[in-house]
Structure formats: structure tokens, C-alpha cells
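Enquirer: Residue numbers for the sequence shown follow this note's numbering, beginning at 352 and rising by one.
Beta carbons are placed, not taken as given, at the ideal position from N, Cα and C, and that holds for glycine.
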Amino acid sequence: MKDLNIVPFVSVDQMMKIVLEIGVETLLKEMAGYIEADFKRWPSFDKSARVAAHSPEGVIELMPTSDGVSYGFKYVNGHPDNTRSGRQTVTAFGVLADVASGYPVLLSEMTLLTALRTAATSAMVAKHLAPKGARRMAIIGNGAQSEFQALAFKAICGIDRVQLYDIDPEATAKCAANLEGFGLQTQQCQSAQEAVEGADIITTVTADKQYATILTDNMVGAGVHINAVGGDCPGKTELHRDILLRSDIFVEFPEQTRIEGEIQQLAPDHPVTEIWQVIAGEAKGRSDPRQITLFDSVGFATEDFSALRYIKDQLRPGNHTRLDMLADPDTPKDLFGMLLRAAP
Ligand code: NAD
């Protein structure tokens, strides 16, 4: 097999080894650097709202983007009831390809990678928006994404205490147990109200296919930063509309967020700031300690592109599989000859 025709593949098992070898917090910091660097060069990306196929149970999405040199896409689902049958709410895989030849250069699992990149993005954005000296974060929704969020905020923003709440107390206990030994103080709360008390940052990361109200207006005090991660689909939100009306709202790609984010509850011309402008120094982030800032996160294709770019840079002999995914005829025009070559 010629090297030209081999595609490196990172399986779930290999991804776990890569993450553990680098260390979760180091990786989150390094990946956040890649994501931030790509937001800084936002105009160089081909951007479109993701292509979504909705069903009563969930959604399947394709998320493509390109910077003209590399092309990437992710396949991802969102099925909140999956956990009842032992499946994940979110699973994903993705590809990075060379624009010049069109050949894929990486195929990777992206379930773990999505949790890592979502958390890295949230914390990187909070670095620009959260109140100075923020130490305490509430996490409402203690499922698959929650520990990654906690550790990213510790590593990138200096959070040292997380106040956890989930309608499923076992999820909260799992999250607290998983975070033991990472140097974070955890508090298991009986209500969302208890979780947000004294929190400088509120992360909502629940899964429910409806207009849910995880936070009501009276639960959000002045100066708080809200990292709203779970509302990411038409008809699936987490915040009461009144909170949105009191907040300065920051988004990834408005064309996608207006369809999928918390702001689907607002008029289509409600003012929002694109987060890349804050990162590139073209717009203000937090400008007042009493301001409520809201990152209306839905997840954008460039974040997956950055995550794939990061993983590609971590490839070493032995930490991935060399995949026979592309045809390798003896001469490029002799595809049929390649078939005959395999005959007994
Ligand atoms: P999960 O199913 O593993 O966990 C969700 C948790 O939310 C569950 O433990 C559930 O009990 C809890 N929950 C549901 N309703 C609640 C409520 N009213 N109050 C408190 N807790 C409640 O899902 P996950 O993989 O952790 O994903 C969480 C959400 O984040 C999903 O909606 C997913 O689509 C979204 N997500 C967004 C991004 C992004 O980039 N913005 C990326 C990944 C996932």
C-alpha cells in the first residue's frame, strides 16, 4: 500500500490514549489555543449553517468548513432520549482533507473530541466575557459534557469550585465522583436555584427536545456570565426569554444561531455580537462588571476543524490506525486493473 493512499484513523480507544497521555487539562488548553487562532482568522473560512435532518427523536447534522487549504466536516447526532437505551445523546466522527488534492488526511472519532472542543470553546469564550476573578461555576445538566466543561473552566479560566445540579441525582453524583482528584471543589445541589447561588459563571448543558426553562430571570444576578450550551436545535432551548432581554449576547455564526440557539426566541434582528470579533479585538467583550454576558453556544464547524487540526498535529507512529480507505491502482487511470490485480 502506497503512503499516498493511507488515511490516518483515530478510533475512540486511540483518542482516549492520546487524551490521557497529553493530560485532559493540558489538551483542553492547547485545543482552546487552536480554536481561538481559527476564530481570529474568521474571514478566511468558508461558512454555512450546518445541514440538519430533523426527526421526532432528534437530529443528524453535517458540519462542513474550509480555510482554502484544508477542508473539514463532522457528522454528529443529537438524540436526548438515547440515554434510556444505553446510547449517547451525542456521537460524532469527522474528516479533515487536503483542498489541493481532495484527499482525506485524517478520519477521527469525534464523540470525545466534540466534548473536548465544546468545553474548550466555552472556556476560551468565557476568558473574554466572564467577570474578572471568577472562581465559582454552576453546571446545570451533569451528563456526558459536564466534566469536560468543569475541567476546561478550571484550566482556562481558573474556576476552582463547581456547583452541580441535574434532575437525575445519579448524574450529579457521577459528575462529582469523576471530578475527584482534579483539584476542583464540588457541591451536589438539590435544585438549579441552589446551584446558581454565588456562581460567577452559569453553564447550562441539559438535553431535552423542548423549550425548557432551566433558568428563570430571577435566578440570574448582575455581573454573571452564562455559558448556554444545551439549547442547540430548533424548538430546544434552556433559558427564559427575559434573561435574553437583559443580557449582552455573543454568538458563533449568527445565521446558524438564530435558527438553533437561545435567540430563536427573539426577533430575527435582535442585536448580537459575533464572538470572533471580540477575539480579534474588533468588538467589546465584557465592558461593565454588572453586565450579564451570554454565550449562546450551538457549536460551529470551525471549532471541529480546529479540533481535527489539533489531533492531526498529535499523530505519532502507533497512536492511530493506517486505514486502507483510498484506491491505489498501479497507474491512476487503471482502476479496473486494480480490481483485476486482486483476483485470485
Ligand atoms: P446527556 O444526555 O449526556 O446529559 C444531559 C443531562 O441533562 C442529563 O443528565 C439530564 O438528566 C439533564 N437534564 C435534562 N433536563 C434537565 C433539567 N430540566 N434540569 C437539569 N438537568 C436536566 O447530554 P450531553 O451529551 O451532556 O449534552 C448536553 C446538551 O449539550 C445536549 O442538549 C447537546 O445537544 C448539547 N451540546 C451542545 C454542544 C454545543 O456545541 N453547543 C456540543 C455538544 C452537546
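Using beta-carbon positions only, say whether T588 and Q616 come within less than 8 Å of one another.
Expert: yes
Enquirer: DSSP three-state call for C526: helix, strand or coil?
Expert: helix
Enquirer: Looking at the strands, I want to know which residues DSSP matches up with K505.
Expert: Per DSSP, none; premise fails for K505.
Enquirer: Rounded to a whole number of angstroms, what is the C-alpha to C-alpha distance between F687 and Y422?
Expert: 29 Å
Enquirer: So L535 packs on A489, CB below 8 Å; how close in whole Å?
Expert: L535 to A489, Cβ: 13 Å. No contact.
Enquirer: Along the chain, where does the beta strand (DSSP E) containing Y562 start, and where does it finish?
Expert: 562-566
Enquirer: Confirm the yes/no value for this check: CB of Y426, any heavy atom of ligand 1, distance under 7 Å.
Expert: No, the Cβ of Y426 stays beyond 7 Å of every heavy atom of ligand 1.
Enquirer: Straight-line CA distance for F499 to E408?
Expert: 25 Å
Enquirer: Identify the continuous beta strand (DSSP E) that holds P455 and give its terminal residues.
Expert: 455-460 is the extent of the beta strand (DSSP E) around P455.
Enquirer: Going by alpha carbons, who is nearest to E613 out of Q561, A543, D639?
Expert: Nearest of Q561, A543, D639 to E613, Cα basis: Q561.
Enquirer: Assuming V571 and T555 make a contact with CB atoms under 8 Å, what is their CB distance in whole Å?
Expert: At roughly 11 Å, the Cβ-Cβ gap does not stay under 8 Å, so V571 and T555 are not in contact.
Enquirer: Quick one: what does DSSP say V649 is sitting in, helix, strand or coil?
Expert: coil
Enquirer: Thinking C-beta only, is N578 closer than 8 Å to A506?
Expert: no
Enquirer: Give me the DSSP bridge partner(s) of D717.
Expert: With the chain running from 352 to 695 in the structure shown, residue 717 is simply not present.
Enquirer: For E460, which residues in the same chain have their Cβ closer than 7 Å to its Cβ, ignoring the five residues on either side in sequence?
Expert: Excluding residues within five positions, the ones whose Cβ falls inside 7 Å are V361, S362, V363, M366, F444.
Enquirer: Q642: which of I594, S648, Q514 sits nearest, CA to CA?
Expert: I594
Enquirer: Would you be able to state if there are at least three C-beta pairs under 8 Å between the segment 615-630 and the segment 383-394?
Expert: yes
Enquirer: Hey, could you find the ends of the beta strand (DSSP E) F360 is sitting in?
Expert: 357-361
Enquirer: Below 7 Å CB to CB, which residues in the same chain sit around C526 once its five sequence neighbours on both sides are set aside?
Expert: N493, S497, E498, L515
Enquirer: Would you call the segment 654-670 in contact with the segment 466-481, where contact means no fewer than 3 C-beta pairs closer than 8 Å?
Expert: yes
Enquirer: Is any heavy atom in ligand 1 found nearer than 7 Å to the beta carbon of A546?
Expert: A546: no, Cβ never under 7 Å from ligand 1.
Enquirer: Out of R597, G437, R692, E606, state which residue places its alpha-carbon closest to the alpha-carbon of A400.
Expert: E606
Enquirer: Give the secondary structure of D397 by DSSP, where H, G and I count as helix, E and B as strand, and everything else as coil.
Expert: strand
Enquirer: On the three-state DSSP scale, how would you describe P415?
Expert: strand
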